[in-house]
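Report on the structure given below.
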Amino acid sequence: MQEVLLKPGMEIRISVEAENISPDKFSNKTAEEIKSIGIRMGNHKTTVGELFSVKVNGSGTPEDTKIVMEGDFSRIKRIGEGMTAGTILIKGNVDMHVGARMVGGRITVTGNADSWAGREMKGGELVIEGNAGYYLGAGYRGEACGMRGGKITVMGNALDFVGEHMCGGEIIIKGNAGILPGISNNGGKIVIGGNTARPGSEMTKGTIIVNGSVDEMMPVFKPEGAEDVDGVSYMKYTGDVILNGKGVLYVRE
Amino acid sequence: MTVITDALCPFCGCLCDDISVVVEDNKIVDVKNACKIGASKIRGHHRIKSPMIRDDKNSDFKEVSYDEAIDKAAQILAGSKRALLYGWASALCEAHKKGILLAEELGAVIDNTATVCHAPSALAIHEKGVPTATLGQIKNRADVVIFWGCNPVHSHPRHMGRYSVFPRGFFSGKGRRGRKIIVVDVRKTNTAGIADEYVEIQQGSDYLIISALRAILSGHEDVVPESVGGVARKDLLRIAAILKEAKFGTLFFGMGLTQSKSRYKNIDNAISLVTELNSFNKFIMMPMRGHYNVTGFGQVCTWETGFATAVDFSSGAPYYNPGETAANDLLYRKEVDAAMIIAGDAGAHFPANSVRELAKIPVVQVDPYWNPTTEVANVVIPSAISGVELEGTAYRMDGVSLRMRKMIEPEHLADEEILDRLIARVREIRGE
Amino acid sequence: MELLIKNAAVYDPVNGIKGDRTDVSIKDGKIVDKVSSGCTGIDAGGRLVMAGGVDAHSHIAGSKVNVGRLMRPEDSRAGIKPRTKTTRPCTGYTVPNVYAMGYRYANMGYTTVFEAAQAIMKARHTHEELEEIPIIDKGALTLFGSNWPTMDFVRENDMDKLAAYVSWGLLASRGFGIKVVNPGGGEMWGFGKNVTGLDDVVPEFEVTPSQIITSLMKVNEMLGLPHSVHLHCNNLGKPGNYTTTLESMKLAKQVKAGKDRQVMHVTHLTFNAWGGTNWGDFESRADEIAKYLNNNDNVTTDMGQLIFGNATTMTADGPVQYANAKLLHAKWGNGDVELEDSSGVVPITYVKQISIHAIMWAIGLELALLTDDPYKVLLTTDHPNGGPFVNYPEVIALLMSNRKRQEEIATLHKAVHSQTKIPGIDRELDFNDIAIMTRAGTSKVLGLLEHGKGHLGIGADADISIYDIKPDEIDPSAEHSKIKSAFSSAAYTIKGGEIVARDGEITATPAGRTFWVDAKVPQSHTDEMMKDIRAKFKNYYSINLANYMVQDAYVTHQNVIKAGVGTAASEVD
Ligand code: SF4
Ligand SMILES: [Zn+2]
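Chains as they are written, first to last, in the numbering used here: chain A, 1 to 253; chain B, 1001 to 1432; chain C, 2001 to 2573.
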């Protein structure tokens, strides 16, 4: 088992590209080795050690590596990008693209995560205890698929375009979601605890469940009557009819 | 006295190329064929006379030489970690190329004025593509023309006369009488005044209405409720029927569509609508681009970097992600540590927060005109007016590239030369 | 500036050299007889040396290429390479940025590339991009097949006016030759329609595709253009279209070549040698096309080889692209150009287990392997329609190794066995054949042999590639992966006598030249023709005539080839 503790060594204003903060990159490395890992702030090349204090206990494979980050990381992007295993616990806020393209392992953010959290995620688990920004579990510009697998849970609210172009996996939002969640859903599952607007536009597959109210229903769904899901009664809709979609939208009665 | 004919107007995206200017003693004394705004633009106003610098933004500018101003600008930019090079809409493509090179050299972010108007259209094109045509196709063929969230009477005065509403063409010999004009907007604009069909919609409901039309056209009118976004179902059915029967339909759209609720997803949806209309007949669409060469920057940036705008060179390779890398994203996050505003007025068109942020960081302005950006600048480098004092390339709103003519001799440096000298100086400072 | 390449195993089909050990001498950018002793030398050490590669059909610049980039940021983010001291940043795979275009071609040993389609009205854009592509020489073919003046003059059967229009159109677009795409269909797509065969009549213009093709071939020969008419057939993308392709080829019999070359080049056969009547009984009829080519000498073709993975289809054939977008539920770019043509852009992914794609993969290879004379089938992928040009080495390896083909076939949809002949073809091409399909042949088809491209004779351009292959030691059939990797990054690429690439690294980025053809016609013909053109501008174009033609500022390194009615071909730099 390896535990790595990172704390910011200074206030960071310009965003840092930190895809190298991941169990895959830290496993079996000493504090000194981790400090020397490259990282970029704006156009300036720097190292993990220049920006963060680093403590390491033990050593281990990526599966056995846990990274604990304490402090404000709201200008640190792409933490855990593409990670395959291990855990990251961020006690604070994080910047964009946390857990982007992640394949396995688990990331927990105790604060808020900025936009594109879990972008193009394939597997593993991402938990955001605060709020999420735009494009949670979405794709990259122009790409046909966003999230393909894994699970994202947001305890607070998420902004617009949740799960855009989702092709698989599961997103659970306890609070509200912004406009157009599940747009172009091609097979993922989205559960929204609170309210949202215009869900499910252009969905062809997958499921969206809204437990709060829907402001502005898209005029592209066929009502299918009431249906129970896990003992709760919902109005069921299928669509998007324009695309002969087989997507299912449940809205709490 | 000389007369320059077939000149191009450097104002709006119509890029009218039939302008005549009369020049006497290197002064433009008459402008023919242009509309009022075009003519006044060609005649010029509020020029910046000399390069100027100041350290403290509350103090007055000091007039300096070009060398001194360029040196000062280079010092600011070369020392930055996150520089923003913004503007470009009133510059020629030749300058755009140099601007991209400068951004590369600096590891900066380059973005253009589309970010506050039609960049959302690009985001939609990434999703769905871009069914379009040159303006002459519309002139020769269109029998149904929609203006959605735009008001050409105001913003593009000769558009309707030259391309879209009134002209007679090969298959459109009846001109205006052979065309059905539909205006969709939230208020009755001047353009709506000349329309055959005016569809007033609730603010922000564009997306819903487009989807409703798509549902009707795909044979699912049963799912469309009695009223969508303030438009009655029967009206939607009528409009859908008109669209379906068009031999050649065109959807022109403006910032009413790109900047309202759902933003670029409105365009995304509209592209699908237009694409699906091609199952019946021909239908194309086009953004009503504002500045005369805002289109050109997008073209140049795309072939140089692979991306249309908002390109971040901080890693040495282009990275593009509007929402993250566009000018206002960075200013909102207070990341920018130096800015160059060139051929575009951030001071006038940016949200107040962004302008406040610009006021806090070193700013270089390159522009022929004194404008609100000047108020937040530390270094001001006056430039020649592209398309009046300089010849070079611009792209019309339909992506046709044209060569702007020179009408009079410049007294100031060209953007291209300013950028060349900046690049050289930055390289020196960085010891390359 | 002198350079001597020693111990070269040279393949130079034009000069009959097949792997002989010789030296190649270079002076001032040209191949010379000998150089002074003590000049800089490269010891090729018995490695393969060929003239720089020449690509006769690729979509590298202009409006639709840029639409492809704009539509596909997800493609641009593939293939990203930061700037270096010598190079600008690269992006893209199917739609690379301008820098990647030049560097990647140069790294493969290619030094001359022709953009396959530009509308006159958008030619300025094409040249702006061509100017920015580093290293390689280039040119662009100009679309004439659906232009209103073309159809008017064809209808009037006025070949003098048509020749004058072509001559003027080439000047206006700084174009190299006549490109014809789905003749007549480009106009009809203006109203969302299309022609369905060579004898359909285009409404309002009252001409047929067959008349358009034949007339343009006639004026092509009247003008003595270096290249022939370059045809993208009607009905492309439809099962059974090989019959239209064969009928189009037969039209070539009506015209006699004015030069030692074909009178018609039919392009990217992967998309128009299709049998069957629908997607269910879809099959390859490349064998029929090959049979025709084996019995006729006035037509050449190129493969348009399909490469599995991502591609971006882009063509002036607007209707086929709309059909593709609908079929694939893909993004759709459309770009009609008033009075001239249409165009469309649609992304696609070719998948080994999709029967249609597996069959299409076979078509290009079958055509190349069943046609006896490699001068008649050029190597292309119709970049980026069949796949990106960086895959040429893959195609070379497939052509040289039956073993590689069989390994590949084993991974494909079974339809490749029942619907194509490729599994049973054991022909393996040799280095001489490859040198023809990528250099000698492409240059001959373009009419550039006499202008110093595609061979290593005295006076030719010193465009040379050296590959890390010893032809007398390698067995291409067994060692196909070595063939592929060697052709992927030339040991040396020399352009105009300068070393521009070494082992996959760009070492210098000189500006390439742009070839275009200045074809003269009698002034009286031009005067007559211009009356019609002026009327077109007055009534129909949305720009003024004075702003139409591409200005000198957009062709800063030009190589003008003179041609024209009654003019001897000559060249001016
Ligand atoms: S319409 Fe636009 S381009 Fe034309 S003259 Fe007026 S301002 Fe200039
Ligand atoms: Zn092609």
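Note that beta-carbon positions come from the ideal geometry of N, C-alpha and C, so glycine has one too.
Cutoff 9 Å: residue i Cβ touching any chain B Cβ
i, result
"C/Cys-2090", "yes"
"C/His-2265", "no"
"A/Arg-75", "yes"
"C/Phe-2191", "yes"
"A/Ile-67", "no"
"C/Ala-2569", "With a pLDDT of only 43 at C/Ala-2569, under 50, the local geometry of the prediction cannot be trusted, and no value is derived from it."
"A/Phe-221", "yes"
Expected contact under 8 Å - CB spacing of residue i and residue j to nearest Å
i, j, result
"C/Tyr-2392", "C/Phe-2308", "Actually they are not in contact, since the Cβ atoms of C/Tyr-2392 and C/Phe-2308 sit about 15 Å apart, beyond 8 Å."
"C/Leu-2378", "C/Gly-2441", "6 Å"
"A/Gly-99", "A/Leu-126", "4 Å"
"B/Val-1116", "B/Leu-1084", "The pair is not a contact, with the Cβ atoms about 14 Å apart (cut-off 8 Å)."
"B/Ile-1182", "B/Glu-1200", "Not confirmed; about 12 Å, so no contact."
Distance CB(residue i)-CB(residue j) smaller than 9 Å
i, j, result
"B/His-1159", "B/Cys-1014", "yes"
"B/Ile-1267", "B/Ile-1125", "yes"
"A/Gly-86", "A/Lys-122", "no"
"B/Pro-1131", "C/Trp-2332", "yes"
"A/Asp-160", "A/Thr-204", "no"
"A/Pro-181", "A/Gly-200", "yes"
"C/Ser-2284", "C/Ala-2362", "yes"
"B/Ile-1271", "B/Glu-1127", "yes"
"C/Ser-2343", "C/Ala-2316", "yes"
"A/Thr-238", "A/Gly-247", "yes"
"C/Leu-2130", "C/Ala-2061", "yes"
"B/Phe-1313", "B/Glu-1104", "yes"
"C/Glu-2132", "C/Leu-2198", "no"
"B/Asp-1415", "B/Leu-1092", "yes"
Closest Cα partner of residue i within the set the options
i, options, result
"A/Gly-82", "A/Ala-113, A/Glu-224, A/Ser-59 and A/Pro-23", "A/Pro-23"
"B/Gly-1149", "B/Met-1407, B/Lys-1261, B/Ala-1377 and B/Asn-1321", "B/Lys-1261"
"C/Gly-2019", "C/Lys-2027, C/Ser-2025 and C/Ala-2008", "C/Ala-2008"
"A/Asn-176", "A/Gly-133, A/Cys-145, A/Lys-35 and A/Asp-72", "A/Gly-133"
"C/Asp-2287", "C/Leu-2327, C/Thr-2313, C/Thr-2243 and C/Val-2351", "C/Thr-2243"
"B/Lys-1057", "B/Ile-1076, B/Val-1363, B/Gly-1290 and B/Thr-1258", "B/Val-1363"
"C/Glu-2115", "C/Leu-2236, C/Lys-2064, C/Asn-2015 and C/Asn-2235", "C/Lys-2064"
"B/Val-1064", "B/Val-1145, B/Ala-1074, B/Phe-1147 and B/Lys-1049", "B/Lys-1049"
"B/Trp-1370", "B/Phe-1061, B/Asp-1018, B/Cys-1012 and B/Val-1021", "B/Phe-1061"
"B/Gly-1129", "B/Gly-1392, B/Met-1286, B/Val-1380 and B/Phe-1297", "B/Met-1286"
"C/Gly-2038", "C/His-2057, C/Ile-2005, C/Arg-2069 and C/Ile-2031", "C/Ile-2005"
"B/Leu-1330", "A/Val-16, A/Leu-6, A/Met-10 and A/Met-155", "A/Val-16"
"C/Asp-2158", "C/Pro-2374, C/Asn-2295 and C/Glu-2528", "C/Glu-2528"
"A/Gly-245", "A/Ser-184, A/Ala-18, A/Lys-25 and A/Arg-78", "A/Ser-184"
"C/Asn-2559", "C/Pro-2082, C/Glu-2132, C/Gly-2139 and C/Phe-2153", "C/Gly-2139"
9 Å Cβ cutoff, residue i in contact with chain C
i, result
"B/Lys-1180", "no"
"B/Phe-1113", "One detail in the question is off: residue 1113 of chain B reads as Thr in this sequence, not Phe. Not closer than 9 Å to any Cβ of chain C, the Cβ of B/Thr-1113 fails to qualify, so no."
"A/Ala-144", "yes"
"B/Asp-1017", "yes"
"B/Glu-1245", "no"
"B/Asp-1327", "According to the sequence displayed, residue 1327 of chain B carries Ala and not Asp. No, because no Cβ of chain C sits closer than 9 Å to the Cβ of B/Ala-1327."
Chain A contact for residue i (CB, 9 Å cutoff)
i, result
"C/Met-2609", "Absent from the structure is residue 2609 of chain C, since the part of chain C shown begins at 2001 and ends at 2573."
"C/Lys-2331", "yes"
Closer than 8 Å: residue i CB and nearest ligand 4 heavy atom
i, result
"B/Ala-1034", "Summarising the ligand content, the structure contains ligand 1 and ligand 2 and does not contain ligand 4."
- What alpha helix (DSSP H) runs, 4 residues minimum, are completely inside the region 44–89 of chain A? 48–51
- Query: For the region 2052–2088 of chain C, which segments carrying the alpha helix (DSSP H) assignment without a break, of at least 4 residues, lie completely within its bounds, in sequence order?
  - Reply: 2063–2071 and 2073–2076
- Completely contained alpha helix (DSSP H) runs for the region 1188–1261 of chain B, where each covers 4 or more residues: 1190–1193, 1206–1217, 1233–1245 and 1255–1258
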